[in-house]
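Each residue of the sequence shown is one higher than the one before, starting from 451 at the first, in the numbering used here.
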Amino acid sequence: MKKALSVLGALLCASVAFAQPELTADNIDEVIKSMTLEEKATLLVGGAVTPEFDAVTLTGPVQGAAGNTRPIERFGIPMTYLADGPAGLRIKPTREGCSRTFYCTGFPVGTLLASSWDVELVQKVTSALGNEVLEYGADVLLAPGVNIHRNPLCGRNFEYFSEDPVLSGNVAAAYITGVQSNNVGTSIKHFAANNQETNRLEDDARVSVRALREIYLKNFEIAVRKARPWTVMSSYNSLNGEYTQQSEDLLTKVLRQDWGFEGMVMTDWGCKEGTVKSVNAGNDLMEPGNRTETERIVAAVRDGRITEETLDRNVRNVLRYIVRTPSFRGYRFSNNPDLKAHALVAREAAAQSIVLLRNEDSTLPLKGDEKIALYGISSIDFVAGGTGSGEVNKAYVVNMAEGMQNAGFSIDPDLPDYYRAHIRYDAASRKIIGKEPRDWRFPEIPVPADAIRLQAGKNDAAVVVIGRNAGEGSDRNVADDFELTVTERELLNNVSNLFHQAGKKVIVVLNVGGVIETASWKHLADAILLPWSPGQEGANAVGDILAGRVNPSGKLPMTFPVTFFDHLSSFNFPHEYVRDLRRVGNEPLKDVDYTDYAEGIWVGYRHFDKHGVEVSYPFGFGLSYTSFDYSKPVVKAGKDGFTASVTVTNTGRVAGREGVQLYVPAPEGGLEKPEKELKAFGKTALLKPGESQTLSFTVSAYELASFNEGANRWETAKGAYTVGFASSSACIRCKGTFRQTAPQCRAVSDAFVK
Ligand code: GLC
């Protein structure tokens, strides 16, 4: 008997061993067949609150990663690592018991990358960024963040790209392509309609289907179709009454059926009640992962609320992701990416993206050796990037005093000393009362007018740095944030009056994470430069531009309105005057518990153009040290849509690059449409004086379509279209026409159709 049992045992082991395939890219279904229910459930939930993950974050190979997928050793399934963030890899810079550091490069924030209007540049930056993801051992970068700039006060706008879906979507596609060129993944986020931080876990975004399709989903669609991100991150919020992570309309009908997405969907970082609904909706992975979620999935499969087929569908998406990862390939990462080379990439990218908003009487460029009075506490407390999961642990940040000195200027030492002393005093005064050092921006401090008068005499010009920061988890304010503070306004007035009295120029540098008010004070400055939050090397790039070593070629990816309430969305946005109101009983709070996107498609320049609202600086605007001529365009109807080309010539005295925008108004009749919409864009190479370059674009009939909500389809109207080549949305330089001979329609799923 004993002998028979031992033979049986051996046979059983052999059969289990035989039935236990080692995962490869070609045997995923076989592995799924061999997995137990518990193993499948394990794979659909991250391990961030399990001992093995704690081990990873505390002692493992990728400390500081945001989350992971869990290993199943008997199939050779490794743990994979998911790490933030859009402006650079976010991991712990130091490790217990380890003398070396693990800094990452702080690249320019998303808004500055988009200001380049240069998809090749974006791809170059994110190729370097993706190399740090690979060489520090992560598998997915939780980026790009692409939510539309619906309103200037969204706290995370710095991570995002634009008010326009075509600019945003194409920059996102380039971003994804660059990162994934390293054979690591991305996670385009936050899908979808996550356009505010206030109550972000619960806010219900109420968006018309047309505004969804044409604006808030369109940039995701462009990026998914063009660049095929490995993963998509669903957002925290609700959309039209359903959490996005539980929305079959969004995650299966739109993302997979309409757009053909074949990757993996993960949640944002939180455990909601409706795990079962998420699994059924097509959300494959729950992050950061909570044991409860695994138990919910097992129970739901057992009682039929989740079918085996659905469970296996999601497991298959996770396994298809895993077999692509460096962790699965056993890639031996170096922990030693070339940070010096990447710092140069960051500096070059910032220099090619910074926007010159004002340059009266060619104030800029300066000669480069001037004596400069440098005002503003942000000249020392320089903002390289935003806060939250988008913050990068960088080795250094060059401040404005250093950046300008590096460019050859001599900085009046009294002011930096004054600001540094204040920062030290602030830190010391907080320390003695047991407070942490300020991890938020320092408010501006006054400079006595007598001091400014003295400095106006000793220096050749004044540079005033206005700083703003923002971040995840909270939205900005109108007062003292979108608008200048009293101290800032007083400083600007005094510097402007006293330096102009002395016959000296005044340059303002906007080191901001998002749009601020400019109309009321821009006349005080001779020049205004907008570097946004330009990364650890950004101040060097500012110095390069002020000294004329680089000719600025950035353009605005969103409008600078005259006042906050010129945006239609401002009447349905949680600014500080409504954000802290108390709920009355169980009444949901407007703009906090739900946000009504009542403005529909009238976002940004679409609104300002159509309704004739004056702006301070228009979408697509940016000055150069040179000038450009646009030839008569050549516009030809194609089989599908049209092709258009234009020749741009540098008519100035210095070399420069020109961002060219292609706008198309829709033909009369049919749906109410914007005056014009951006349909394509490009950027010339560096053109010497007199040099020309021809840029050509192809626009499909589908790209011209508007969404007819009543018919639930895309419609391209028949008729004459006027194609405008522009240097900004407010400056069409030349026009051509083409005729769409027949109307075109494209059906979509019935997602969000009531
Ligand atoms: C955060 C953010 C998301 C980030 C994730 C992991 O809550 O919303 O952008 O990638 O958690 O840190």
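Cβ coordinates follow ideal geometry from the N, Cα and C atoms, glycine included.
Residue 1078 - DSSP class collapsed to helix/strand/coil: Walking along the sequence shown from the start, residue 1078 turns up at place 628. Three-state result, residue 1078: strand.
Residues near residue 528 in its chain [Cβ-Cβ closer than 7 Å; skip 5 each side]: Residue 528 sits at position 78 when you count from the first residue of the sequence shown. Excluding sequence positions up to five before and after residue 528, its CB lies within less than 7 Å of the CB of 521, 777 and 778, all in the same chain and listed in chain order.
Cβ-heavy atom distance, residue 516 to the ligand GLC, below 7 Å: Mapped onto the sequence shown, residue 516 falls at position 66. Within the cutoff, so yes.
Any non-hydrogen atom of the ligand GLC closer than 7 Å to residue 971 Cβ: In the sequence shown, the residue the question calls residue 971 occupies position 521. Between the ligand GLC and the CB of residue 971, the shortest heavy atom gap is not smaller than 7 Å.
Straight-line Cα distance separating residue 948 from residue 1217: Outside the modelled stretch of the chain, which goes from 451 to 1204, sits residue 1217, for which no answer is possible.
CB of residue 580 within 8 Å of CB of residue 512, strictly: Translated into the one-based positions of the sequence shown, residue 580 becomes position 130. Translated into the one-based positions of the sequence shown, residue 512 becomes position 62. For the pair residue 580 and residue 512, the CB atoms are not nearer than the 8 Å cut-off.
N- and C-terminal bounds of the beta strand (DSSP E) containing residue 1186: On the sequence shown, residue 1186 is found 736 positions in, with the first residue counted as 1. Residues 1181-1190.
Where the beta strand (DSSP E) containing residue 1172 begins and where it ends: Residue mapping note: residue 1172 aligns to position 722 of the sequence shown, counting from 1. Residue 1172 -> beta strand (DSSP E) spans 1169-1178.
Beta-carbon proximity check, residue 1091 vs residue 1153, cutoff 8 Å: Along the sequence shown, read from residue 1 onward, the residue named residue 1091 stands at position 641. Along the sequence shown, read from residue 1 onward, the residue named residue 1153 stands at position 703. Yes, Cβ-Cβ distance for residue 1091 and residue 1153 is below 8 Å.
Beta strand (DSSP E) runs wholly inside the stretch 1064-1142, at least 3 long, in chain order: Runs of the beta strand (DSSP E) lying entirely within the stretch 1064-1142 and spanning at least 3 residues, in chain order: 1065-1067, 1078-1080, 1084-1087, 1092-1100, 1109-1114 and 1127-1133.
Residue 1095 Cβ short of 7 Å to the ligand SAM heavy atom set: In the structure shown, the ligand SAM is absent; the only ligands present are the ligand GLC.
Residue 800, DSSP secondary structure in three states: Residue mapping note: residue 800 aligns to position 350 of the sequence shown, counting from 1. Helix.
Sub-8 Å separation of residue 1172 and residue 1148 beta-carbons: Start at 1 with the first residue of the sequence shown, and residue 1172 comes out as number 722. Start at 1 with the first residue of the sequence shown, and residue 1148 comes out as number 698. Against a cut-off of 8 Å, the Cβ pair of residue 1148 and residue 1172 comes out as no contact.
Buried versus exposed call for residue 1027 [16 or more other C-beta atoms within 10 Å across all chains shown]: Your numbering for residue 1027 matches position 577 in the sequence shown. Exposure of residue 1027 is indicated by the presence of fewer than 16 other C-beta atoms within 10 angstroms of its C-beta.
Inter-residue Cα distance where the pair is residue 677 and residue 625: Start at 1 with the first residue of the sequence shown, and residue 677 comes out as number 227. Start at 1 with the first residue of the sequence shown, and residue 625 comes out as number 175. Straight across, the Cα-Cα distance linking residue 677 with residue 625 is about 9 Å.
Touching by the beta-carbon criterion (3+ pairs, under 8 Å), the stretch 1041-1053 and the stretch 649-667: A contact exists between the stretch 1041-1053 and the stretch 649-667.
Unbroken beta strand (DSSP E) run spanning residue 1045, endpoints: The residue labelled residue 1045 in the question sits at position 595 within the sequence shown. Note, residue 1045: beta strand (DSSP E), 1044-1046.
Proximity below 8 Å, CB of residue 997 to CB of residue 815: Looking up residue 997 in the sequence shown gives position 547. Looking up residue 815 in the sequence shown gives position 365. With contacts defined as CB atoms closer than 8 Å, residue 997 and residue 815 qualify as a contacting pair.
Backbone CA spacing between residue 787 and residue 1150 [nearest angstrom]: Residue mapping note: residue 787 aligns to position 337 of the sequence shown, counting from 1. Residue mapping note: residue 1150 aligns to position 700 of the sequence shown, counting from 1. Computed Cα separation, rounded: 41 Å.
Residue 977 versus residue 928 - alpha carbon distance: Along the sequence shown, read from residue 1 onward, the residue named residue 977 stands at position 527. Along the sequence shown, read from residue 1 onward, the residue named residue 928 stands at position 478. Cα to Cα, the separation comes out at about 24 Å.
N-terminal and C-terminal residue of the beta strand (DSSP E) that residue 635 is part of: The sequence position of residue 635 within the sequence shown is 185, counting from 1. Unbroken beta strand (DSSP E) run through residue 635: 635-641.
CB-CB length for residue 519 against residue 535, believed under 8 Å: The residue given as residue 519 occupies position 69 in the sequence shown. The residue given as residue 535 occupies position 85 in the sequence shown. With 8 Å as the limit, residue 519 and residue 535 do not qualify as a contact, their Cβ atoms being about 18 Å apart.
Neighbourhood of residue 955 by C-beta, 6 Å cutoff - its chain only, sequence neighbours within 5 removed: Stepping through the sequence shown from its first residue, residue 955 is reached at position 505. Sequence-distant Cβ neighbours of residue 955 in its own chain, meaning closer than 6 Å and more than five residues away, are 813, 911 and 976.
Separation of residue 836 from residue 958, as counted between CA atoms: What you label residue 958 is simply residue 508 of the sequence shown in a count that begins at 1. What you label residue 836 is simply residue 386 of the sequence shown in a count that begins at 1. Cα to Cα, the separation comes out at about 21 Å.
Residue from 1048, 1193, 1114 and 1175 whose Cα sits closest to the Cα of residue 659: For the purposes of this step, residue 659 is identified with residue 209 of the sequence shown, where counting begins at 1. Residue 659 has its Cα closest to that of 1048, out of 1048, 1193, 1114 and 1175.
With 16 other Cβ atoms within 10 Å as the buried cut-off, status of residue 1034: Within the sequence shown, residue 1034 is the residue found at index 584, counting from 1. Classified as exposed, residue 1034 has fewer than 16 neighbouring CB atoms from the shown chains inside 10 Å of its CB.
Other residues of its chain near residue 1024: CB distance less than 7 Å, five sequence neighbours each side excluded: Your numbering for residue 1024 matches position 574 in the sequence shown. Within the same chain, and ignoring the five residues on either side of residue 1024 in sequence, the residues whose Cβ sits closer than 7 Å to its Cβ are 646, 648, 925, 1041 and 1042.
CB-CB length for residue 1167 against residue 1119, believed under 8 Å: As a position in the sequence shown, residue 1167 is number 717, starting the count at 1. As a position in the sequence shown, residue 1119 is number 669, starting the count at 1. Right, the Cβ-Cβ distance comes to about 7 Å (below 8 Å), so this counts as a contact.
Cβ separation of residue 1165 and residue 1155, assumed to be a contact under 8 Å, to the nearest whole Å: In the sequence shown, residue 1165 corresponds to position 715, counting from 1. In the sequence shown, residue 1155 corresponds to position 705, counting from 1. About 6 Å separates the two Cβ atoms, so the contact holds.
8 Å Cβ cutoff met for residue 561 and residue 525: Position 111 of the sequence shown holds residue 561. Position 75 of the sequence shown holds residue 525. Contact check for residue 561 against residue 525 fails: the beta carbons are separated by 8 Å or more.
Sub-8 Å separation of residue 932 and residue 966 beta-carbons: Here residue 932 refers to the residue found at position 482 of the sequence shown. Here residue 966 refers to the residue found at position 516 of the sequence shown. Against a cut-off of 8 Å, the Cβ pair of residue 966 and residue 932 comes out as a contact.
Distance cut-off 7 Å: residue 614 Cβ against heavy atoms of the ligand GLC: Working through the sequence shown from its first residue, we reach residue 614 at position 164. Incorrect: residue 614 has no Cβ contact closer than 7 Å to the ligand GLC.
Residue 1164 - partner residues in DSSP beta bridges: Mapped onto the sequence shown, residue 1164 falls at position 714. The partner list for residue 1164 (beta bridge, DSSP) reads 1157 and 1196.
Given residue 637 as reference, the closest of 673, 679, 605 and 627 once Cα atoms are compared: Within the sequence shown, residue 637 is the residue found at index 187, counting from 1. Answer by Cα proximity: 679.
Heavy atom of the ligand GLC within 7 Å of residue 680 beta-carbon: Position 230 of the sequence shown, counted from the start, is the residue given in the question as residue 680. Checking the Cβ of residue 680 against the ligand GLC gives no.
Residue 742: first and last residue of the uninterrupted alpha helix (DSSP H) it sits in: The residue you call residue 742 lines up with position 292 of the sequence shown. Residue 742 -> alpha helix (DSSP H) spans 741-752.
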